[in-house]
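Numbering (the working numbering), first residue to last: 87 to 168.
Cβ atoms here follow ideal geometry from the backbone N, Cα and C, with glycine treated the same way.
Below: one structure, written as structure tokens.
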């Protein structure tokens, strides 16, 4: 929902896309842009989003005890870059 306290408020593809100055990139374009950037604020944003994603996943794994967790799209891109 994007409100305070929601994972989406911190782990936000649109926020990262905007910070990179991209318009409607697919996941491959986003990954390429992330690999090419050396801006500290982007690295800090990735660290913040990745940290929040880890906390959220840890909670889900603790409660539901799944055998595996599969991340796709933007979240997989974020995981690979963190």
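Own chain, CB closer than 7 Å to residue i, minus 5 neighbours either side, in chain order
i: residue 117; result: 163
i: residue 103; result: 111, 116
i: residue 159; result: 113
Proximity winner among the options, relative to residue i (alpha-carbon distances)
i: residue 98; options: 135, 147, 144, 157; result: 135
i: residue 101; options: 123, 128, 143; result: 128
Residue i to residue j span [Cα, whole Å]
i: residue 172; j: residue 94; result: Residue 172 is absent from the model: the chain starts at 87 and stops at 168.
i: residue 169; j: residue 161; result: Since the displayed the chain opens at 87 and closes at 168, residue 169 lies outside it and no answer follows.
Nonlocal neighbours in the same chain, by C-beta distance under 6 Å from residue i, ignoring five residues either side
i: residue 157; result: 165
i: residue 121; result: none
Sub-7 Å separation of residue i and residue j beta-carbons
i: residue 130; j: residue 96; result: no
### Task
List in chain order: all unbroken beta strand (DSSP E) runs of 3+ residues lying wholly within the stretch 102-168.
Annotation: the stretch 102-168 contains no complete segment of the beta strand (DSSP E) (minimum length 3 residues).
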